[in-house]
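Report on the following structure.
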Amino acid sequence: MQALGHPTSASELRALAWTTVLVPMCAVYARSASRRLRPGWPRLAALLPTFPVFIYLPCMFNSLHLRLFSTFFHTWLAANKLVLLAFDLGPLHPSLPLLPFILCAGLPIKLRAGPQPTEQSAPPGPPVADFLVPCGRSVLFLTGLALLFPHTGSLPLYVVHYLYCAQIFLTLDLVFSSVGLVAAAVLGSAMERQFRAPLVVASVNDFWGRQWNLMAVDLLRASAYKPVGARWGRDAGVFAAFLMSGVLHELLYWYMTLEPPTGEMLLFFTLQAVFHVAERWARVAGLWRPPKAVAYLVGTTLMVVTISELFFGPFIRAGIDVRMIQEAAEAVELVRGVAKRLIVRLFGAGSN
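Here the numbering used here is used: position 265 in the sequence shown is 265, and no number is missing along the way.
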């Protein structure tokens, strides 16, 4: 089985340059085709040439972090948005101006819905604090985790895996908040946050519906939950959404390891669907209404145990966790070195 090469600055910058060119080109083509064709199968057929590009883009990266983000941004979100666009659904629409269309197609952003400013009220500026605070928090805690991970050998397994969950959340929140900050500044529009507080949750429904990766939740709702639920009922829609997520995570496993999927991602999300439906049934029947503290303890423990046993297992066996921790530590050292050189130049120039 082919292994991923070691990332270098040249290889990753080259991949980023190609991505910066190809994604806007595909978005411009998709918008142009959608403006000329009515929603339906002909529009979908016209958009099909863009899908191989989005499928291939993650393969250009050797860095696991960049490969992960490209898989999510392009192979998952962009392709899903274009499928929905073909049927006049989802966040993209041919009437969007060109720049918002390109950014919304290629990035995990969603324009915040709300009343438009009137002539009497000045338009609000970009919500800098909405994204700067999460960025600063994530940088601070990720630095702490990078320093902590070499000393976690004596900690219980579930504690270490909870720290993995924290690292994943903080990394994604840092990237998504940075993207949202730049997009809000460029477009002058408010952006919706994609994460809330997923490290402590009251229930499975709370985690998947209101806390974690809300952009993906919206797309799964539009592409799987609503069409299946409208025909076969709410519970079937829930299973369809989780099964689709499971298939996408099996694809992520292949991108990250270049090994055949194990089926554990699909099993994990199938169990999450079972918990989701069973929890709702229990609440409706009045069988599960615990105190808030108990709900948070049970909900968080259930998520950590199932993630530890099923979700992390295949990645840990493939050594992905070790390599990603190494990449994170190298990133911290790179930032520290750049900051040190900047400080030396500034104070050195000042002393001269």
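Backbone N, C-alpha and C fix where the C-beta goes; we use that ideal spot for every residue, glycine too.
Helix, strand or coil at residue i [DSSP, three-state]
| i | result |
| --- | --- |
| residue 267 | helix |
| residue 22 | helix |
| residue 111 | strand |
| residue 123 | Caution applies to residue 123, whose pLDDT of 48 falls short of 50 and renders its modelled position unreliable; the value that the coordinates give is listed next. Three-state result, residue 123: coil. |
| residue 116 | With a pLDDT of 43 at residue 116, under the threshold of 50, the modelled position of that residue is not reliable, and no figure is offered here. |
| residue 200 | coil |
Length of the line joining the Cα atoms of residue i and residue j
| i | j | result |
| --- | --- | --- |
| residue 167 | residue 37 | 44 Å |
| residue 203 | residue 60 | 38 Å |
| residue 193 | residue 201 | 17 Å |
| residue 112 | residue 315 | 35 Å |
| residue 252 | residue 169 | 17 Å |
| residue 99 | residue 291 | 48 Å |
| residue 231 | residue 10 | 50 Å |
| residue 293 | residue 29 | 51 Å |
| residue 223 | residue 217 | 10 Å |
| residue 300 | residue 198 | 9 Å |
| residue 228 | residue 153 | 46 Å |
| residue 55 | residue 41 | 21 Å |
| residue 116 | residue 332 | Per-residue confidence for residue 116 stands at a pLDDT of 43, beneath the threshold of 50, marking its modelled position as unreliable; the derived number appears in the next sentence. So the alpha carbons of these two residues sit roughly 41 Å apart. |
| residue 89 | residue 344 | 53 Å |
Cβ separation of residue i and residue j, assumed to be a contact under 8 Å, to the nearest whole Å
| i | j | result |
| --- | --- | --- |
| residue 63 | residue 7 | 4 Å |
| residue 265 | residue 246 | 5 Å |
| residue 175 | residue 311 | Not a contact, Cβ separation roughly 20 Å. |
| residue 243 | residue 270 | 7 Å |
| residue 196 | residue 211 | 5 Å |
CB contact flag (residue i, residue j, <7 Å)
| i | j | result |
| --- | --- | --- |
| residue 164 | residue 304 | no |
| residue 35 | residue 86 | no |
| residue 19 | residue 57 | yes |
| residue 22 | residue 53 | yes |
| residue 213 | residue 276 | no |
| residue 239 | residue 282 | no |
Cut-off 6 Å between Cβ atoms - residues of its own chain near residue i, not counting five sequence neighbours on either side
| i | result |
| --- | --- |
| residue 324 | 64 |
| residue 249 | 265 |
| residue 262 | 314 |
Close Cβ partners of residue i (< 7 Å) along its chain, the five nearest in sequence each way excluded
| i | result |
| --- | --- |
| residue 73 | 106, 107, 108 |
| residue 318 | 257, 259 |
| residue 346 | none |
Same chain, Cβ closer than 8 Å to residue i, five either side skipped, listed in chain order
| i | result |
| --- | --- |
| residue 278 | none |
| residue 341 | none |
| residue 121 | With a pLDDT of 43 at residue 121, under the threshold of 50, the modelled position of that residue is not reliable, and the figure given next carries that caveat. Nothing meets the Cβ criterion. |
| residue 226 | 237 |
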